[in-house]
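S.K.: In this note's numbering, the protein residues as written are 4 to 249. Glycine is no exception: its CB is placed at the ideal position from the N, C-alpha and C atoms. Only a predicted model underlies this, so the values are computations on that prediction, with no experimental measurement involved.
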């Protein structure tokens with residue numbers, strides 16, 4: 004495992020605690036990094052300086068994919084289907100009911116459904132409401148609060164999707180920044196009606212590395228007080244971390 008803090012100009016090895024260095028997938032959840040290997044999943048809370056296994060409840064098999072959806076982590080495991088954790092990997096539960104092929108290569112979430120791409124049986128879908136609590140199956144209801152969701156897939160190359168919602172009409176900016184805080188892309192900069200929005204981000208011109216995207220809602224000519232993620236006030240700012248791997 005390697006890390007770069009200068010957009011790929013130089014790299015440093017960060018394998019302390021990784022008992023298996025054959026990395027198959029990486030995911031970012033707030034300040035936590037997760038890596039899946041050919042036999043386990045590991046967590047780092049200090050940008051990769053130290054790693055600890057978080058594999059209670061999962062078989063010692065190849066971790067094919069990791070995704071983050073809200074407070075939940077989902078794994079696709081070779082020959083064992085899909086697993087979910089709601090506590091950052093402290094424990095895992097298999098959620099493969101109805102899956103026609105347990106060899107899962109990829110996972111993503113869209114419109115409150117979990118999709119699994121399998122080795123030989125195509126793509127399968129299951130409502131998140133059947134897997135985790137607190138998920139609605141109706142994406143068409145009017146939003147009652149501001150929200151910026153984690154992009155998917157994450158890590159990505161070079162395309163990813165960012166979803167956000169507005170409870171009121173507002174001026175919206177959605178921008179991407181590098182680790183130095185420099186703006187590298189403006190995805191939205193206009194007035195928007197209340198509702199849910201999906202934005203496609205193409206990072207084909209950017210180098211591999213960590214980036215941040217920030218949503219700000221509020222007319223630039225008016226001063227609004229910022230609320231926390233999911234707030235219902237007139238002003239809102241939220242920032243998420245993303246990882247581009249080429």
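Taking the alpha-carbon of residue 106 as reference, which of 128, 119, 177, 145 has the nearest alpha-carbon?
M.R.: Out of 128, 119, 177, 145, 119 has the C-alpha closest to the C-alpha of residue 106.
S.K.: Can you round the beta-carbon distance between residue 212 and residue 10 to whole angstroms, since I take them to be within the 8 Å contact cut?
M.R.: That belief holds up - the Cβ atoms of residue 212 and residue 10 are roughly 5 Å apart, short of 8 Å.
S.K.: Tell me which residue opens and which closes the beta strand (DSSP E) that residue 127 is part of.
M.R.: Element bounds for residue 127: 126-130.
S.K.: Could you check if residue 163 is buried or exposed, using at least 16 other CB atoms within 10 Å of its CB as the buried criterion?
M.R.: Buried: at least 16 other Cβ atoms inside 10 Å.
S.K.: Assign residue 168 to one of three DSSP states: helix, strand, or coil.
M.R.: Residue 168: strand per DSSP, three-state reduction.
S.K.: Candidates 188, 181, 209: which alpha carbon is nearest residue 202's?
M.R.: Per the Cα distances, 188.
S.K.: DSSP beta-bridge partners for residue 177?
M.R.: 191, 218.
S.K.: Grab me the residues of residue 161's own chain with a C-beta within less than 8 Å of its C-beta, minus the 5 sequence neighbours each way, in chain order.
M.R.: The answer, listed in chain order, is 205, 206, 207, 209, 247, 249.
S.K.: Note the first and the last residue of the continuous beta strand (DSSP E) segment covering residue 68.
M.R.: Here the beta strand (DSSP E) through residue 68 covers 66-72.
S.K.: In chain order, what residues of the same chain lie with their CB nearer than 6 Å to the CB of residue 72, ignoring the 5 residues before and after it?
M.R.: Excluding residues within five positions, the ones whose Cβ falls inside 6 Å are 112.
S.K.: Identify, in the order they occur along the chain, each residue of the same chain with its Cβ nearer than 7 Å to the Cβ of residue 170, setting aside the five sequence neighbours on each side.
M.R.: Excluding residues within five positions, the ones whose Cβ falls inside 7 Å are 146, 147, 148, 149, 197, 235.
S.K.: In or out: residue 30 buried (at least 16 other Cβ within 10 Å) or exposed?
M.R.: The residue in question, residue 30, is buried, as its Cβ has 16 or more Cβ neighbours within 10 Å.
S.K.: Under three-state DSSP, which class holds residue 133?
M.R.: Three-state result, residue 133: helix.
S.K.: Compute the Euclidean distance between the alpha carbons of residue 39 and residue 178, then round it to the nearest angstrom.
M.R.: So the two alpha carbons sit approximately 29 Å from each other.
S.K.: Measure from the alpha carbon of residue 129 to the alpha carbon of each residue in 244, 98, 166, 47, then state which is nearest.
M.R.: Nearest C-alpha to residue 129: 98.
S.K.: Looking at the structure shown, is residue 123 part of a helix, part of a strand, or coil, going by DSSP?
M.R.: In this structure, residue 123 counts as coil in the three-state DSSP scheme.
S.K.: Taking 8 Å as the limit between beta carbons, can you name the residues of its chain near residue 180, skipping five residues before and five after?
M.R.: If we look at residue 180 and ignore the five residues flanking it on each side, its Cβ neighbours are 186, 187, 214, 215, 216, 217.
S.K.: Do you know offhand how far residue 244's Cα is from residue 103's?
M.R.: Their Cα atoms are separated by approximately 33 Å.
S.K.: Work out the CA separation of residue 79 and residue 115 for me, nearest whole Å.
M.R.: So the two alpha carbons sit approximately 18 Å from each other.
S.K.: Quick check on this structure: which residue in 34, 101, 18, 88 has the alpha carbon closest to the alpha carbon of residue 257?
M.R.: With the chain represented from 4 up to 249, any question about residue 257 goes unanswered, as that position is not in the structure.
S.K.: Go through its chain and collect everything with a Cβ distance to residue 16's Cβ below 6 Å, but skip five positions before and after it.
M.R.: So the qualifying residues of the chain are 5.
S.K.: What is the rounded straight-line gap between the Cα of residue 121 and the Cα of residue 41?
M.R.: Their backbone Cα atoms lie some 17 Å apart in a straight line.
S.K.: My parser needs the beta strand (DSSP E) runs of 3 or more residues fully inside the region 26-95; what are they?
M.R.: Within the region 26-95, the complete beta strand (DSSP E) runs of at least 3 residues are 26-32, 35-40, 44-47, 66-72, 75-80, 84-88.
S.K.: Taking the alpha-carbon of residue 52 as reference, which of 193, 36, 58, 66 has the nearest alpha-carbon?
M.R.: Nearest option by C-alpha distance: 36.
S.K.: To which residues of the same chain is residue 93 closer than 8 Å at the C-beta, ignoring the five residues directly before and after it?
M.R.: Cβ neighbours of residue 93 beyond the five flanking positions: 57, 59.
S.K.: In three-state DSSP terms, what is residue 244?
M.R.: Three-state DSSP puts residue 244 in a strand.
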